[in-house]
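Engineer:
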Amino acid sequence: MTTPSTLAPIGQSRPGSEWWRTAVIYQIYPRSFADASGDGLGDLPGITSRLGSLRELGVDAIWLSPFQRSPQKDAGYDVADYCDVDPIFGTLADFDAMLTAAHEAGIRVIVDLVPNHSSDQHEWFQAAVSSPPGSPERARYIFRDGTGANGQEPPNNWESVFGGPAWTRVAEPDGTPGQWYLHLFDSSQPDFDWSNPEVQEEFRRVLRFWLDRGVDGFRVDVAHGLVKEEGLPDYTPDPHGGSMGGDSAKAPYWGQDGVHEIYRDWHRLLAEYDGDRALAAEAWLPTVAETALWVRSDEMHQAFNFAYLETDWAAADLREVIDESLAEYAAVGAPSTWVLSNHDVVRHASRLALTAENPQGHGIGPNSPGQPDPVLGLRRARAASTVMLALPGSAYIYQAEELGLPEAIDLPDDARQDPTWFRTKGERYGRDGCRVPLPWEADAPAYGFNTTGDAWLPQPEEWSRLARDAQEGDADSTLTLYKTLLHARRAHTLGTGTLSWLTGYDEDVLAFTNGDVTVIANLGAADVDLPDGEIVAASEPVTGRSLPSDTAVWITA
Ligand code: NOJ
């Protein structure tokens, strides 16, 4: 059923119709995708071995979360060597083999780049702590003297995104208590000082290293955080702001003007390469309009649409964010992107059925309020994906959302590994529940994640029925739904299409056309009459011309 890609062949440029404007990009979280070595952690050969299933699914590109050398204090978002593969994931040769195989399968590859901070095991940070205050080694990071009589208090009141203070004090080389360094995330993730030309030059080298190997682009981690306000003024975040920086006020460490010059520089660097290489911003900003600043024509190419991800399952709110996204990104000549799940948020098959507020990124566990009904969650997730994949622009899929995988809520406390869990002393569950190794085969050890049965996080028993092989060929499975949607999305060129809202429907109904496809989604309680035409995709079986609650369909004339 795979439809040939309508995108330019890999390696070719097509100004104005670049591949990233319409691509469906599948996020792989390497440690949980497929484990060829059998040690319980996924790896690059595992990815290579499963590329066929992604080709069959019908995605255009994959984005790999970090696989570079790292002590894994934040699952690889703490990089110790930006130009090498961590041995738990394989070798550079394994990376090259994976990249070649992906390209042969017609799948582009985006890698994660983590420029806001390194690991504390990076050789630069090791040199910084063993060098004196004021040294060039310290100037690559943000070291400051403490406050208070003996410098025993942190330089300012900033808090880590993962909880607790954003500063940690070092012992000077002579053993006396010394300066403090800034880490917006875990203490093992010191922030670089991006005003230092040496840092800027080092990341140009890193970009070239991966571009020369043939990658098609980068997902840029914390793309809104690299530049900090001069003087590092005190700041107290809005307690209702998102945990990854979607704070409602202008924080002195998010969205500073100077950050854009960095991306203009990178834009020019990528433009030296053929094949329309792309930069995608992970920037959690308060509004769509602000996020659009990251994708002005001389900066990045895409920005994740977290406003869309954070929108409740409510038709009026969705209409508003869709309109706003299409308008704001079009105003700067960029495509809108769409996303419902990733490795930092509660999977949407659970999130859309939560009955109490759950701030993004905090995870949920067995004692969280508003426990989701799994049946309702899956039903809404299928409908939400049916809407998302009909929207013009580029869409991101998080691994195994095509299986309808829910959040793993009942993980035992001693299995949890997210630094958020530790830094908040268990107050926030963190993100482990969306990172559990995937089920491939219902009756195999670790559900086919590997052949040994080991898994770095325990897989819930009920996942055997969600395994990929259990869903293959089942007309009603979520996997079949995604295949149908991706196939029809290509066949009807929805990525390049134009959305027009249909009138005459209730407030609770999303109804629009994109090209020759009509999309109707019923978010209300009462059934909705469907217009004439052939139903080419339906999130639930539809009998007659009546669309039940929490169901979405695509209809062609
Ligand atoms: C955003 C990443 O998606 C998240 O997983 C990570 O913990 C932080 N940035 C810090 O790198």
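In our numbering, the protein residues as written are 309 to 865. We treat Cβ as the ideally placed atom computed from N, Cα and C, and that holds for glycine. Remember, predicted model here, so these are calculated numbers, not experimental data.
Please name the residue, chosen from 782, 675, 661 and 612, that lies closest to residue 701 on a Cα-to-Cα basis.
Structural biologist: Checking every option, the nearest Cα to that of residue 701 belongs to 612.
Engineer: On a CA-only basis, which of 767, 645 and 799 is nearest residue 301? Give me that one, please.
Structural biologist: Nothing about residue 301 can be reported from this structure: the residues present for the chain run from 309 to 865 only.
Engineer: Have a look at the DSSP bridge pairing and note the partners of residue 815.
Structural biologist: For residue 815, which the question treats as bridged, DSSP gives no partner whatsoever.
Engineer: From residue 845 to residue 812, what does the alpha carbon distance come to, in whole angstroms?
Structural biologist: 22 Å
Engineer: When the Cα atoms are used, what is the spatial distance from residue 731 to residue 616?
Structural biologist: 28 Å
Engineer: Could you give the DSSP three-state label for residue 390: helix, strand or coil?
Structural biologist: strand
Engineer: For ligand 1, is there a heavy atom less than 6 Å away from the beta-carbon of residue 612?
Structural biologist: no
Engineer: Nearest to residue 367 by alpha carbon, out of 562, 795, 830 and 838?
Structural biologist: 795
Engineer: For residue 318, which of helix, strand or coil comes out of DSSP?
Structural biologist: coil
Engineer: For residue 385, which of 331, 528 and 833 has the nearest alpha-carbon?
Structural biologist: Of all alpha-carbon atoms in 331, 528 and 833, the one lying nearest the alpha-carbon of residue 385 is that of 528.
Engineer: In chain order, what residues of the same chain lie with their CB nearer than 6 Å to the CB of residue 581, ignoring the 5 residues before and after it?
Structural biologist: 519
Engineer: DSSP puts residue 525 in a beta bridge; with which residues?
Structural biologist: 418 and 586
Engineer: Residue 348 and residue 340: beta carbons closer than 7 Å?
Structural biologist: Their beta carbons are not under 7 Å apart, which means residue 348 does not touch residue 340 by this criterion.
Engineer: Out of 715, 692 and 652, which one is the CA nearest neighbour of residue 679?
Structural biologist: 715
Engineer: State the CB to CB distance for the pair residue 498 and residue 426, rounded to an integer number of angstroms; the pair is presumed to be in contact (CB under 8 Å).
Structural biologist: 6 Å
Engineer: Who does residue 845 pair with in a DSSP beta bridge?
Structural biologist: Its beta-bridge partners are 862.
Engineer: So what does residue 674 bridge to, in DSSP terms?
Structural biologist: DSSP output for residue 674 lists no bridge partner at all.
Engineer: Under DSSP, the alpha helix (DSSP H) around residue 372 begins and ends at which residues?
Structural biologist: Note, residue 372: premise wrong, no alpha helix (DSSP H); beta strand (DSSP E) at 369–372.
Engineer: I need the boundaries of the beta strand (DSSP E) containing residue 490, first residue and last residue.
Structural biologist: 485–490
Engineer: Going by C-alpha distance, which of 848, 740 and 699 is nearest residue 802?
Structural biologist: 699
Engineer: Relative to the C-alpha of residue 622, which candidate in 504, 824, 744 and 833 has its C-alpha closest?
Structural biologist: Nearest C-alpha to residue 622 among 504, 824, 744 and 833: 833.
Engineer: Would you check whether ligand 1 has a heavy atom nearer than 6 Å to the C-beta of residue 493?
Structural biologist: yes
Engineer: Where does the unbroken beta strand (DSSP E) through residue 637 begin, and where does it stop?
Structural biologist: Note, residue 637: premise wrong, no beta strand (DSSP E); alpha helix (DSSP H) at 623–639.
Engineer: Helix, strand or coil, according to DSSP, for residue 706 in the structure here?
Structural biologist: strand
Engineer: Report yes if the CB atom of residue 530 is closer than 7 Å to the CB atom of residue 502, and no otherwise.
Structural biologist: no
Engineer: Report yes if the C-beta distance between residue 643 and residue 329 is below 7 Å; otherwise report no.
Structural biologist: yes
Engineer: Check residue 334 in the structure and name its three-state DSSP category.
Structural biologist: strand
Engineer: For the 8 Å Cβ check, are there 3 or more pairs between the stretch 686–693 and the stretch 650–660?
Structural biologist: yes
Engineer: Please tell me whether, using a cut-off of 6 Å, the distance from the CB of residue 744 to the nearest non-hydrogen atom of ligand 1 is below it.
Structural biologist: no
Engineer: Let me know if residue 675 comes out buried or exposed under the rule of 16 or more other beta-carbons within 10 Å of its beta-carbon.
Structural biologist: exposed
Engineer: Compute the minimum distance between the beta carbon of residue 394 and the heavy atoms of ligand 1, and state whether it is under 6 Å.
Structural biologist: no
Engineer: Give the single residue among 398, 737 and 821 whose Cα lies nearest to the Cα of residue 839.
Structural biologist: Cα-wise, what sits closest to residue 839 is 821.
Engineer: Name the two residues that bound the continuous alpha helix (DSSP H) containing residue 432.
Structural biologist: 431–437
Engineer: Assign residue 377 to one of three DSSP states: helix, strand, or coil.
Structural biologist: Residue 377 carries a strand assignment under DSSP once its states are collapsed to helix, strand and coil.
Engineer: Residues in its own chain within less than 7 Å of residue 771 by CB, not counting five upstream and five downstream?
Structural biologist: Closer than 7 Å at Cβ, skipping near neighbours: 747 and 755.
Engineer: Label residue 572 either buried or exposed according to how many other C-beta atoms from any shown protein chain fall within 10 Å of its C-beta, with 16 as the threshold for buried.
Structural biologist: In the assembly as shown, residue 572 is an exposed residue. Its beta-carbon has fewer than 16 other beta-carbons within 10 Å.
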